[in-house]
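Residue numbering for the sequence shown follows the working numbering, beginning at 262 and increasing consecutively.
To start, the structure under review is shown below, and the notes come after it.
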Amino acid sequence: MKPNPILILAFFSIVLLLLFLINKEQPLNKDVQPPTELHPTVKRYRDILITQADSIGINIVITDGLRSYAEQDAIYARGRTKPGNIVTNAQAGESYHNYGLAIDFALRVGDDVIWDITYDGNQNGKSDWMEVVALAKKLGFSWGGDWQGAPDYPHLQMEFGLSIWELRRGKQPNVDKYGDPL
Numbered sequence: 262m263k264p265n266p267i268l269i270l271a272f273f274s275i276v277l278l279l280l281f282l283i284n285k286e287q288p289l290n291k292d293v294q295p296p297t298e299l300h301p302t303v304k305r306y307r308d309i310l311i312t313q314a315d316s317i318g319i320n321i322v323i324t325d326g327l328r329s330y331a332e333q334d335a336i337y338a339r340g341r342t343k344p345g346n347i348v349t350n351a352q353a354g355e356s357y358h359n360y361g362l363a364i365d366f367a368l369r370v371g372d373d374v375i376w377d378i379t380y381d382g383n384q385n386g387k388s389d390w391m392e393v394v395a396l397a398k399k400l401g402f403s404w405g406g407d408w409q410g411a412p413d414y415p416h417l418q419m420e421f422g423l424s425i426w427e428l429r430r431g432k433q434p435n436v437d438k439y440g441d442p443l
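Structure (structure tokens):
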């Protein structure tokens, strides 16, 4: 009897789905204390980013950094169980913000904070937003605007080669406060 390739594919698809669901639902490591501030390397490069942006006539403001699990769940609830628009697909423990490895930024124009990715306040013919993104990427940040499906334009993060799955289980970045490998 010849094996049916459709049944084999279906079987492996179900197995992979079950493995994904089991791993996704693994509890957080209760022995790991959540961070109380941004990772020192993220903090250092955040400050460098602000300085570099300012040097080309762009004033940025950091609108978010470390988030507690409760804050993450409150943001996740927007547009779902609470009024407002959906602003994240990450629940508690699923965001690099929860581990002090992400920041969100916006542009400051006078007394206003704006999220206009086309604004060219320094009048050099380029989007100020995209100029900041280019600077951030050179510093080692990943940009949420590159995400497929649900881009997050204000979001910048440093993964240090670690997945959310690893962070949830207590793994920490292998770098010192200057970003050098330990």
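All residues carry an ideal CB built from backbone N, CA and C; glycine is no exception.
Strictly by DSSP, which residues pair up with residue i?
i	result
V393	Per DSSP, none; premise fails for V393.
S403	Q418
How many Å lie between residue i and residue j at the Cα?
i	j	result
S329	I317	33 Å
I425	G361	12 Å
N320	K387	15 Å
V394	T312	14 Å
N383	I364	23 Å
D308	P344	34 Å
H358	A351	10 Å
F428	D377	First, the residue type needs correcting, since residue 428 is Leu and not Phe in the sequence shown. Taking the straight line joining both Cα atoms gives about 32 Å.
R339	T349	8 Å
R430	F421	15 Å
R305	P296	16 Å
R341	E332	15 Å
G405	Y337	16 Å
M419	F366	14 Å
D381	H300	31 Å
D334	L423	22 Å
T324	D413	13 Å
E392	K263	59 Å
E298	S403	19 Å
L310	K398	10 Å
L396	Q294	32 Å
Q409	L417	15 Å
Does residue i pass the burial test, meaning 16 or more other C-beta atoms within 10 Å, or should it be called exposed?
i	result
A411	exposed
S356	buried
P415	buried
W390	buried
I267	exposed
P434	buried
V322	exposed
G354	buried
D407	exposed
T379	exposed
A314	buried
T302	buried
Which first and last residues belong to the alpha helix (DSSP H) in which residue i is found?
i	result
L428	I425 to R429
Quick one: give me the first and last residue of the beta strand (DSSP E) that residue i is part of.
i	result
Q418	H416 to Q418
*Length-filtered (3 minimum) beta strand (DSSP E) runs lying within the region 294-381*: Counting whole runs of 3 or more residues, the region 294-381 contains the beta strand (DSSP E) stretches 321-325, 363-370 and 373-375.
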